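Residue numbers (our numbering), protein chains in the order written: chain A, 5 to 107; chain B, 4 to 175. Even glycine gets a Cβ: it sits at the ideal position worked out from N, Cα and C. Only a predicted model underlies this, so the values are computations on that prediction, with no experimental measurement involved. Data block below; observations after.
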């Protein structure tokens, strides 16, 4: 199955800029469906980015993050060709992860 | 580490304990097989840990309570915190917001939307070596103050901006 995660990490100088997109409904629990029933909350709570065994970035998210979330950050100490591991877990316990290459 | 996860989970969400055990077992098993013990620790840690999620702060219904739950102190306005948000957001479901700062020793960034049902939208711990900058996209229920908080040293600094929302992003 195709991953829910898309990542683009580019090393430039000593910092690596990371942009990631995750496919996820991010239902807030306040939206009603066509029948007028509330759609229960379903959103990503934690996203972790790891490089060389070290967590370089963590996101704690609430239901106010938009559908199919986007995140951008940058960190120091990575080289072109290194692995970057991204993983997320949502409020229902679903998880996904992906190992991307730094470009 | 697995034991720790499980116990934290069962405090918070009893229904997910079994799933956690199974996932941890699978992750551990795969790591052992694929890497023959080369780096099993880092592999097993690859799953994001829901037990670390600051549930209390995300459950608060007022901005002040959320800040208190997250940092336990009152933020000081600072012009060294840069909050980049649109003046007018036509679609409240997708409002691009970015926060950066020139403050030293930043340990955490948080973004709050005052008028949302749960004001705390996102919290980003910043480890050493990671730039104190983040960009993301938020939902806004209606026109509201957006607040960026930056924990630097033992203080918390803030910047805020009013964002007008034409169509709310929380349904209802």
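Residue i versus residue j: straight-line alpha-carbon distance, rounded
| i | j | result |
| --- | --- | --- |
| residue 23/A | residue 104/A | 11 Å |
| residue 79/A | residue 41/A | 43 Å |
| residue 73/A | residue 47/A | 10 Å |
| residue 150/B | residue 65/B | 13 Å |
| residue 55/B | residue 133/B | 19 Å |
| residue 1/B | residue 101/B | A question about residue 1/B goes unanswered here, because the residues of chain B that appear run from 4 up to 175. |
| residue 141/B | residue 69/A | 4 Å |
| residue 85/A | residue 55/A | 11 Å |
| residue 43/A | residue 91/A | 25 Å |
| residue 130/B | residue 107/B | 12 Å |
| residue 124/B | residue 33/A | 14 Å |
| residue 118/B | residue 67/B | 12 Å |
| residue 138/B | residue 99/B | 7 Å |
| residue 98/A | residue 39/A | 26 Å |
| residue 75/A | residue 148/B | 21 Å |
Neighbourhood of residue i by C-beta distance below 6 Å, restricted to the same chain and skipping five residues each side
| i | result |
| --- | --- |
| residue 169/B | 93 |
| residue 86/B | 102, 151, 162 and 164 |
| residue 104/B | 83, 84, 135 and 153 |
| residue 14/B | Note that residue 14/B scores 49 on pLDDT, short of 50, meaning its location in the model is unreliable; the coordinates nonetheless yield the value given after this. Hits under 6 Å: none found. |
Where residue i sits in the DSSP three-state scheme
| i | result |
| --- | --- |
| residue 118/B | coil |
| residue 65/B | coil |
| residue 47/A | coil |
| residue 129/B | coil |
| residue 73/B | helix |
| residue 53/B | helix |
| residue 37/A | coil |
| residue 68/A | coil |
| residue 48/B | Residue confidence is low: residue 48/B scores 47 on pLDDT, short of 50, so the model does not pin down where it sits. No coordinate-derived value is stated. |
| residue 154/B | strand |
| residue 31/A | strand |
Residue i at chain C interface by Cβ criterion, 8 Å
| i | result |
| --- | --- |
| residue 7/A | Going by chain labels, chain C is absent from the structure shown, which instead holds the protein chains A and B. |
Proximity below 8 Å, CB of residue i to CB of residue j
| i | j | result |
| --- | --- | --- |
| residue 20/A | residue 106/A | yes |
| residue 61/B | residue 66/A | yes |
| residue 11/A | residue 102/A | yes |
| residue 120/B | residue 144/B | yes |
| residue 63/B | residue 128/B | no |
| residue 45/A | residue 95/A | yes |
| residue 49/A | residue 53/B | yes |
Neighbourhood of residue i by C-beta, 8 Å cutoff - its chain only, sequence neighbours within 5 removed
| i | result |
| --- | --- |
| residue 167/B | 90, 91, 92 and 146 |
| residue 77/B | 70 and 159 |
| residue 37/A | 43 |
Own chain partners of residue i with C-beta closer than 7 Å, once the 5 adjacent residues on each side are dropped
| i | result |
| --- | --- |
| residue 52/A | 59, 62 and 91 |
| residue 33/B | For residue 33/B, the predicted structure reports a pLDDT of 48, less than 50, and the residue's modelled location is therefore unreliable. A value from the coordinates is still provided. Contacts found: none. |
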